[in-house]
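Protein chains in written order, with the numbering used here: chain A, 2 to 140; chain B, 2 to 140; chain C, 3 to 451; chain D, 3 to 451.
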């Protein structure tokens, strides 16, 4: 990007359908704007999403966050198989994991049917409130 | 990009269909805008003028500032007529006023021929360093 | 040995405890709610754990998340700070049960002194003067009426289960009782889930004076002098000082002796405060605060002892490193609390500084003041040789303080400092309201002029 | 009676004096150069007068503009602060001649002590130890050589007319003399318009210790203890403390007695300092500073006396309000100077705070540090009961200090505090250079690794 010169930027802009372009890099900041073409839909950059226990971004996977502070376990007991596996489909109410806090084993259940895309927390590690635990895709 | 000069930027802008261009880099900030008339050259805002004892703004009167801290007198003595009057023309070296400091009467002389437009300091009042004393028009 | 402490609090008091940890070489772990991500206590601590949402119940009152965070970050102890869980005996107990040290008194002591009726009974039993009134909760409105007749109006109704002005009503005469009794019961019930009320003779022109104490596990109890906290608004302290300008040497000795007597009697361990009402050289026991207090710096400055460090040493089963005779109280210390009167973003903050000034604050330029927590922005503390010097230095400090973007009570504080009553030291707990009502009537006069 | 003071200075020391004025109810008038329009001292003073351009000679050294401004703003006195005109006897004289009070010693005293040869002669005459060397300016290089032979190498050449390390050269052996003598003469000539040099036996492993004194117009002279200022870089002080860790009680008494003796002998009036070299429990008179010093807060904290207020009272012909016996020195105070290592704009400033910390500073978020003046940004001062506590509190304070946008010496200061030498109190004026050279060689090693 550092080698990108103004000419290239404008060229790129000209060949796009954009009405505005803002660019910032190490050495400069540039903002381009085109008026008069009423046919183009303005591009609205996605603003910050509100943080929820289930973060949702359109067309992107959901994030299931930890509702409490505790130790994260994917298995009901040390020798048992994990509650879930990546790629598996989960029904509402299925147990996803255990979060141990104050010697209590808190089972975290799925609130909607989904497919597990990724496990984001580490087995046996501490998780904070709001920490992402799973990436899932709603079904 | 550091070597990019204003000419190049304007050139690029002129050859584009842009209506606005804003650019910021280490050495300057520039904003180009085109109204519906594509023939207008972009206006580059003048940067801050250095402050001098004689403040100059284009097409506007000069300001003569105080070169020291003291008491401002328009007359050589309490009963005498003032050194200058509004509307009068002054030659280089003419005395404009006295600034009294440390019991010394410092005569302030004009450094260029001019016409007195306005007296900005008050007879017998304290003036700071850099305080505007006279508004004049160069001849 | 305590090598790391979780600080179960936020704001300036969390910074205060982190600073004590640093000074002792102890690792500090902060906890924070979603709303406090940009807070200084999160940045300053060695570690920080998010424990819940903005509402206190979800985070700073969420004992389970706090204790779990302390265990999982391998802390040895929890410091509860002030407010929130600091006087919650169940939290103290749960902390102890988890194998952690609770930096404060035993949970039993907290529970005992949390029961205001019992606390007053104990004080009375060992000969400490208490205000006259009901010895226990009032059975009904009729009982309240007969107590009021016995002690004489005005009387004050108080919630048996809590403080902070909630459930309090002053009753001037018999006819006001039915309505006030009902309102106070309702308020007490909603704030403390306990509608029980006490009745006391109301002492109108009194001062609020408290004694700061330190007690270790070996029976040593010492005091660090008294604090006058009479400048209040709605029972919230605004200005505190030590020593109290209205206390003669004889009364002071009697008061500190009484406070030490109470602590010895209940086997108190930790830092704590005994609060008294002072009226015409007579004082009356009010309650024991089983925790650090917001205004503790005022005592720290006159005695040169770090109260938070001592709390930690005591919790670590160390003996107090000085005797009462080795504590020297020098000069006069004054504290003004700077509160936000509106939420918003601090656009520009230039703190005051220079000689004789200490600042305990968690704000900075561009910090946002939300609406979830209390509105304390900064405590300005000055310490000089004499009370009148302290007042002048405090005025200088307040005048140079710059907090732009939100409204603060700085000007109100300056008005109080400028009153003849405050300057001469002759005032009571109604000084602040008097000043504000004078101002209001003046504003009204101007509006009509 | 002094009711208004013009402060002929800038930066943190101007704020310091404005604060003393406020505390005494005295009106303050600031002066400023074009470069200081946005400075806090301009905003904080009751009035401010622009006195010239950015170059010190045009403004803060422009005595005529300063005295005229003082007269026209109806000031009673001028406080010269530190540096600039503070040790200029002609300015002091001109101030007096204008009917104004110069807050400092008599112009004659300033002139007398400004002559380092004469000052040393006086000290010697009344029996205060001085370093051995030439009794007066050296006639030529040959004289220098014969003095050097007499006292033994290493020796130090100093400008007779000034300090601050200018014109100073340390000479290890005979062969270095010709070159060094020529260089020192040239430097002295260009900085002080006076090429005269002195020669002294050089004491390499010494400490810089100074005694703070107050003397009134009635012959009362008291000391406020000593300060150790051995942590220096190019003769610029970086860390100061009181008491000095290397001074035993007997030597301390001898040193303070000597300082008082000198002040009594010359009839000194005002606040002032006597500087000594300390080496193996022996001390040698260096010079008298006839002004307030940057590091005065260190003494203020241990004695609880406001030195700037006392300067004003003394200038106002008041007697000292306390005797030597009434001065109590408590605990240990430590000061670190935070300097800018580069000019630039402070993008973000979050000061340190909390218990035992005092900050004297004129910076704020978005303040620009130019290149016209010294680079002192802030003085962090801590005061605790013991030296090791002070060091820990200072480390905490430095660690929490945030100054973004420019480079500061904060990390260097932390490195010095962390050395075994500083911790144990066993160091001399070369400590800072030692620390920096170790760091450099470590950096080099890393680069090669």
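Glycine included, C-beta positions come from ideal geometry on N, C-alpha and C.
Going by DSSP, residue 363 of chain C is part of the beta strand (DSSP E) stretching over 359–363.
Rounded to the nearest angstrom, the gap between the Cα atoms of residue 226 of chain D and residue 213 of chain D is 7 angstroms.
Counting the other Cβ atoms within 10 Å of the Cβ of residue 188 of chain D gives fewer than 16, which makes it exposed. In this structure, residue 190 of chain D places its C-beta atom within 8 angstroms of the C-beta atom of residue 161 of chain D. Pairwise C-beta distances place the segment 89–98 of chain C out of contact with the segment 253–264 of chain C, as fewer than three of them are shorter than 8 angstroms. If the five residues before and after residue 283 of chain C are omitted, its C-beta is found closer than 7 angstroms to the C-beta atoms of 250 and 253, all from its own chain and listed in chain order. With fewer than 16 other CB atoms across the displayed protein chains lying within 10 angstroms of its CB, residue 373 of chain D is exposed. In its chain, beyond the 5 residues on either side, 83 and 84 have a beta carbon closer than 6 angstroms to the beta carbon of residue 15 of chain C.
A check of alpha carbon separations from residue 394 of chain D across D:382, D:419 and D:412 identifies D:419 as the nearest. Note on geometry: alpha-carbon atoms of residue 132 of chain B and residue 39 of chain D lie some 13 angstroms from one another. For residue 116 of chain B, no CB of chain A lies under 8 angstroms from its own CB, so it is not counted at the interface with that chain.
Residue 90 of chain A sits exposed, since fewer than 16 C-beta atoms from the chains shown fall within 10 Å of its C-beta. Counting every other CB atom within 10 Å of its CB across the protein chains shown gives residue 274 of chain D a total of 16 or more, marking it as buried.
Comparing C-alpha distances from residue 381 of chain D to each of D:232, D:396, D:388 and D:192 shows the shortest one belongs to D:396. Our two residues, residue 110 of chain C and residue 413 of chain D, have alpha carbons roughly 47 angstroms apart in a direct line. Contact with chain A is absent for residue 91 of chain C, since none of that chain's Cβ atoms lies less than 8 angstroms from the residue's Cβ. Residue pairing by DSSP places residue 90 of chain A opposite A:116 in a beta bridge. Annotation note: the segment 104–190 of chain C contains the following uninterrupted beta strand (DSSP E) runs of length 3 or greater, listed N- to C-terminal: 157–161 and 171–173. Between the segment 108–124 of chain A and the segment 61–68 of chain A there are three or more inter-stretch CB-CB distances shorter than 8 angstroms, so the stretches are counted as touching. Think of a sphere of 7 angstroms around the beta carbon of residue 205 of chain C: no beta carbon from chain A falls inside it, the nearest being about 45 angstroms out. By the criterion of a C-beta distance shorter than 7 angstroms, residue 341 of chain C is surrounded in its chain by 377, 378, 379, 410 and 411, once the five residues flanking it on both sides are discounted. By the criterion of a C-beta distance shorter than 8 angstroms, residue 325 of chain D is surrounded in its chain by 222 and 224, once the five residues flanking it on both sides are discounted.
Taken through DSSP and simplified to helix, strand or coil, residue 442 of chain C comes out as helix.
Residue 133 of chain A: member of the beta strand (DSSP E) spanning 133–139, first to last residue. Leaving aside the five residues that flank residue 138 of chain A on each side, the residues in its chain whose CB is nearer than 8 angstroms to its CB run, in chain order, 62, 63, 115, 116 and 118. Collapsing the DSSP output to three states places residue 34 of chain C in a strand.
Non-local beta-carbon contacts of residue 144 of chain C in its own chain, meaning distances under 7 angstroms to residues more than five positions away in sequence, are absent. In the displayed model, residue 6 of chain D falls within a strand according to three-state DSSP. Under the Cβ distance rule, residue 293 of chain C does not count among the residues neighbouring chain D, no pair being separated by less than 8 angstroms. Proximity of chain D to residue 270 of chain C at the Cβ level (cut-off 8 angstroms) is not reached, the minimal Cβ distance being about 24 angstroms. In the DSSP assignment, residue 254 of chain C falls outside any beta strand (DSSP E) and lies within the alpha helix (DSSP H) extending over 251–268. Around the beta carbon of residue 86 of chain C, a 10 Å sphere encloses 16 or more other beta carbons of the protein chains shown; the residue is thus reported as buried. With 16 or more other Cβ atoms from the protein chains shown falling within 10 Å of its own Cβ, residue 115 of chain D counts as buried. In the three-state reduction of the DSSP assignment, residue 99 of chain C falls in the helix class, which pools H, G and I. A Cβ-Cβ contact shorter than 8 angstroms links residue 107 of chain C with residue 272 of chain C.
DSSP places residue 71 of chain D in the uninterrupted alpha helix (DSSP H) bounded by 65–74.
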